[in-house]
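Just so you know, the protein sequences line up as chains A and B, in that order.
The numbering used here puts the first residue of the first sequence at 14, with every later residue one more than the last.
The numbering used here puts the first residue of the second sequence at 1181, with every later residue one more than the last.
In what follows, a structure is listed as C-alpha cells, so that the remarks can point back to it.
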Amino acid sequence: DTGVSQDPRHKITKRGQNVTFRCDPISEHNRLYWYRQTLGQGPEFLTYFQNEAQLEKSRLLSDRFSAERPKGSFSTLEIQRTEQGDSAMYLCASSPWGPGANVLTFGAGSRLTVL
Amino acid sequence: GQQLNQSPQSMFIQEGEDVSMNCTSSSIFNTWLWYKQDPGEGPVLLIALYKAGELTSNGRLTAQFGITRKDSFLNISASIPSDVGIYFCAGQHALSNTGKLIFGQGTTLQVKP
C-alpha cells in the first residue's frame, strides 16, 4: 500500500491554458474525493466518486472543471481555460466502503499556479 | 464554502508545554477528525472520533467528541519541535455518510526548542 499518489506535485501554467491532475487512490478504497485548498484555509470539498460514479459535485466546481474516474481506479481532474483564481492546492483523498468510510486518507496534493 | 470555527488561529509555545485547540460547528456532526499538515504536503490523519463524548488518544495527542456533537477538542501534551505544523479539525454532518468533510481554518503551531 503506497498511499494516495498525485501527479504532478507542482504545475505552473499561463492563464487560459488547460491542466490535468491525476490521482491514484489506495487500491482497496472505492471512494475517491477531490478537495481544493487555498493559502491559509482548510480544504474545501469539490467532488467525490464511489467506484466510477460521480455522486456529488460542489458549487465550487464550475463548468470549467471536470473530473473522471473511468474504471473506478485512478481519477483525473481537468481545469479548462485556467484563471488566476484557480491557483490552489488540489488534494485527492480516498476512503474504503463500510467502517472507516468517513476517514479520508489524503495525497500530498498538486499545487497549481496560474500566471 | 462552509468552514468550522477553529481556535486559536495560531500558537507559539515553548517545548514541553501542553497545547489545546478546539473546533465548533453550528450543526450536529456524526464524525470528527483531526489532521496535521506540513508545508507543501497533504493532511495526515491524527485521530478519528465517532461518538458523542468519545475520548481518544494517540500517543501524546488526545481528542474528544463534544457531547453536544457540535464541537471537538485536541490536546497535545509535552510538545516537541516536530509537533510544528498546521492542525485541522474536520467533521461530517450528522445525516451524511458520503465522506464529504467540512474543515476548520486550521491552527498553526510553532514550538520553540
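C-beta: ideal position from N, C-alpha, C; glycine also.
Item                                                                                                                                                                                          : Value
I'd like to know if R77(A) contacts chain B, where contact means its C-beta is closer than 9 Å to some C-beta of that chain.                                                                  : no
Looking at the secondary structure, which residues open and close the beta strand (DSSP E) in which R44(A) lies?                                                                              : R44 to Q50
By the three-class DSSP mapping on this structure, what secondary structure does Q54(A) have?                                                                                                 : coil
Scan the segment 1198 to 1232 of chain B for residues whose Cβ lies nearer than 7 Å to a Cβ of chain A and list them as they occur along the chain.                                           : T1211, L1213, E1221, G1222, P1223, L1225 and A1228
Contact between the segment 96 to 116 of chain A and the segment 1248 to 1265 of chain B is defined here as three or more beta-carbon pairs at a separation below 8 Å; is this criterion met? : no
Below 6 Å CB to CB, which residues in the same chain sit around Q30(A) once its five sequence neighbours on both sides are set aside?                                                         : T95
Looking at A1274(B) and F1209(B), is the spacing between their C-beta atoms short of 9 Å?                                                                                                     : yes
Going by Cα to Cα distance, which pick from E1195(B), N1202(B) and M1191(B) is closest to N1185(B)?                                                                                           : N1202(B)
By how many angstroms is the C-alpha of I1266(B) removed from the C-alpha of Y48(A)?                                                                                                          : 17 Å
Which residues in chain B sit within 7 Å of L117(A), going by Cβ to Cβ distance?                                                                                                              : G1279 and L1281
For I39(A), which of L52(A), Q19(A), E91(A) and H23(A) has the nearest alpha-carbon?                                                                                                          : Q19(A)
For F87(A) and F1268(B), I'd like the C-alpha separation in whole angstroms.                                                                                                                  : 26 Å
Can you tell me whether A1228(B) is buried or exposed, with buried defined as 16 or more other CB within 10 angstroms of its CB?                                                              : buried
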